[in-house]
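Chains as they are written, first to last, in my numbering: chain A, 1 to 340; chain B, 1 to 340.
Shown next as structure tokens:
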């Protein structure tokens, strides 16, 4: 009998392929050998310790301090949103297409904000339920604010944790970038979801959520309204995706009640990673419909969490195919078993 | 006057976008501050020091030693090709589509080979002309061999240099992976090239080569038959692409004479990076038509060199948009000026 060395798995939404290593698959504990722990920068050099001199776009107080010791800062803020000091998108002329010989370009018009969390050394994975809810509320509030602005076609909310995941400042923070185009990966995901809907009159993500619930083997955690899974087409070892169980195209329309279930699913997923992989560096982001979203009813928002367990090298850069060195089924079984 | 903070530039082939930082652009010397130099693993632990016990698929001798001191190894080989001990693709059942609930998958059938170079601590960037020609000849020979095999739809030749670029073994080596599908990024590039050809009866890469030759500002190096440029849509700081000036869909059909010009362009481009950025970690790969290539006459093979000057973080992972922190025009001017 021929034993395969890997599996090529096809993404149901985009049609793209990923590789799941089988012959060279690792076991969960192999991922603990890498030194993931990151140095925390000294507080005294940290630009996020105070809001003094900064333009504060939003702040949420930690009113009853949610059971933590009497930690406080200047205004008792727990989440504060400020403009990025070195924005990737900002001023410019809106949607003017320019040309240079053959090529098209436009100004990188948009917004780039930072959500700073109070505690210098408390990672998001260890936030409690109320704190995680504040994070999602801040995401929603800034999303709604920015989606009203001129030129904004898409808003990406993301979180980089640890130097291997590209965080240059160790103080916990998330970011929001509003851009004047629909980004290529998002456009492909939306096109795939639309194609599926047109062919079958069903949301592809709803169909996947139901299939995952039936099979159960890739479930990491679920509550009444959200499902956390290791996706069949994991891009990297221990990837996690969190879906609302009910069809919801747009993150920013999330109800007050759903925020609490979403926060629970996010918090527990991150904490399982934190314990299970011993505080790995990771990125997460929210994929949601474009903010002028009337025609995106077929879409289904979700959160993607990608632990930094590998380096993209020539093969990945040259093909767009990523190689996960552990099967999602094995990763899910391991994370499911991690006690919080 | 509004000063833009960045530019969104559109890829003429795929239609995708990249960001070129302007307000937060770095200068060439900023890239020298990172510690790029990689530790070289001890020779005694190196699996690539000898071919003993290995299945040798090809070896080229260093007949007259090309002006180097009398370095020799067991059989005086300079390039040797062996199967990868831990292949990402290998045995399995060819092109049998399998299903798991909703999802499609297939065995990762294919080939994964390593091209080992003789000298433990001599990076490819410092190979001389004759040595670089041997490398390209070995690429071509193995490509032709693998393209005859069952199930092989695409062959990617790539080179990872340094740990930040994903090289786990420091001894210089390249790799060849043959896969049973056309990878997603390649498929998009081919589709874009086909679309352009159908609309305008011209090869999009030929058109770009001519535009770059006329403008001159992104040229890094050229010889009679090959052009090395910093692409208008650079994915990363100091990206380099090398194109044959004449239309050629397939790398493996390169003539004996063209190999010498291609080797010259590759060698000088890599050496300029080596000197200019002080031995950065980097990846390069060859994009060429699929190996059953009759219907790909519109395509134009080329080499892409990507120095590891940044870490992909949440924004890049969530959007597919990469941010280059130096304009390709500035990078080209700097590299053009580096004396070899």
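Where a beta carbon is used, it is the ideal one built from N, C-alpha and C, also for glycine.
Judged by their CB atoms, residue 220 of chain A and residue 272 of chain A are nearer to each other than the 8 Å cut-off.
Membership of residue 215 of chain A in the alpha helix (DSSP H) is indicated by the continuous run 204–215. The beta-carbon of residue 3 of chain A is placed less than 8 Å from the nearest beta-carbon of chain B.
Between the stretch 292–311 of chain A and the stretch 240–255 of chain A, the count of C-beta pairs closer than 8 Å reaches three or more; the two stretches touch. Against chain B, the beta carbon of residue 24 of chain A has neighbours under 9 Å at 86, 87 and 88, listed in chain order. Each residue's CA atom was taken as its position, placing residue 149 of chain A and residue 111 of chain A some 9 Å apart. Look at residue 268 of chain A: its C-beta is not under 8 Å from any C-beta on chain B. Taking a beta-carbon distance threshold of 8 Å, residue 215 of chain B counts as an interface residue toward chain A. Counting C-beta pairs closer than 8 Å gives fewer than three between the stretch 48–57 of chain A and the stretch 22–33 of chain B, which falls short of the contact rule. Look at residue 283 of chain B: its C-beta is under 8 Å from a C-beta on chain A. Contact note: residue 208 of chain B reaches chain A through 102, using a C-beta cutoff of 7 Å and chain order. Excluding the 5 residues flanking it on each side, residue 5 of chain B has same chain C-beta neighbours closer than 6 Å at 23, in chain order. The residues 9, 11 and 18, in chain order, have a CB closer than 6 Å to that of residue 233 of chain A in the same chain once the five nearest residues on each side in sequence are set aside. For residue 303 of chain B against residue 286 of chain B, the beta-carbon gap comes to about 5 Å, under 8 Å, which counts as contact. In the three-state reduction of the DSSP assignment, residue 152 of chain A falls in the coil class, being assigned neither a helical nor a strand state. Close partners of residue 171 of chain B in chain A (Cβ separation under 7 Å) are lacking, with about 16 Å as the shortest Cβ gap. Near chain B, meaning a CB-to-CB distance below 7 Å, no residue of the stretch 237–254 of chain A qualifies. The bridge partners DSSP lists for residue 286 of chain B are B:157 and B:303. One Cα belongs to residue 151 of chain B, the other to residue 185 of chain A, and the distance between them is close to 29 Å. Apart from the 5 residues on each side of it in sequence, residue 340 of chain B sits with its Cβ closer than 8 Å to the Cβ of 268, 271, 272 and 275 in its chain, given in chain order. DSSP places residue 118 of chain A in no alpha helix (DSSP H); its state is neither H nor E.
Excluding residues up to 5 positions away in sequence, 160 and 161 lie with their Cβ nearer than 7 Å to the Cβ of residue 167 of chain A in the same chain. Sequence-distant partners of residue 116 of chain A (beyond 5 residues in either direction) whose C-beta falls short of 6 Å from its own C-beta, in its chain, are 48, 80 and 173. B:134 is the residue among B:325, B:326, B:134 and B:109 whose C-alpha sits nearest the C-alpha of residue 257 of chain B. Within the DSSP bridge table, the entry for residue 107 of chain B names A:7 as partners.
At least 8 Å separates the CB of residue 47 of chain A from every CB of chain B.
Residue 201 of chain A sits away from residue 84 of chain A, with the two beta carbons spaced by 8 Å or more. In summary, the residues of the stretch 316–333 of chain A whose CB is separated from some CB of chain B by less than 9 Å are 316, 317, 318, 319, 320, 321 and 323, in the order they occur in the chain.
For residue 141 of chain B, there is no enclosing beta strand (DSSP E); the enclosing alpha helix (DSSP H) has its first and last residue at 129–147. Residue 50 of chain B sits exposed, since fewer than 16 C-beta atoms from the chains shown fall within 10 Å of its C-beta. Straight across, the Cα-Cα distance linking residue 205 of chain B with residue 211 of chain B is about 10 Å. Residues of chain A with a Cβ closer than 9 Å to the Cβ of residue 92 of chain B are, in chain order, 2, 3, 4, 5, 6 and 7. Between residue 291 of chain A and residue 154 of chain A, the beta carbon gap of about 7 Å places them in contact (Cβ cut-off 8 Å).
Within 7 Å of the CB of residue 108 of chain A, the CB atoms of chain B belong to 4, 5, 6, 7, 8 and 19, in sequence order along the chain. For residue 92 of chain B, the CB contacts under 7 Å within the same chain, skipping 5 residues up- and downstream, are 107, 108 and 109 in chain order.
For residue 159 of chain B, the closest Cβ of chain A is nearer than 8 Å.
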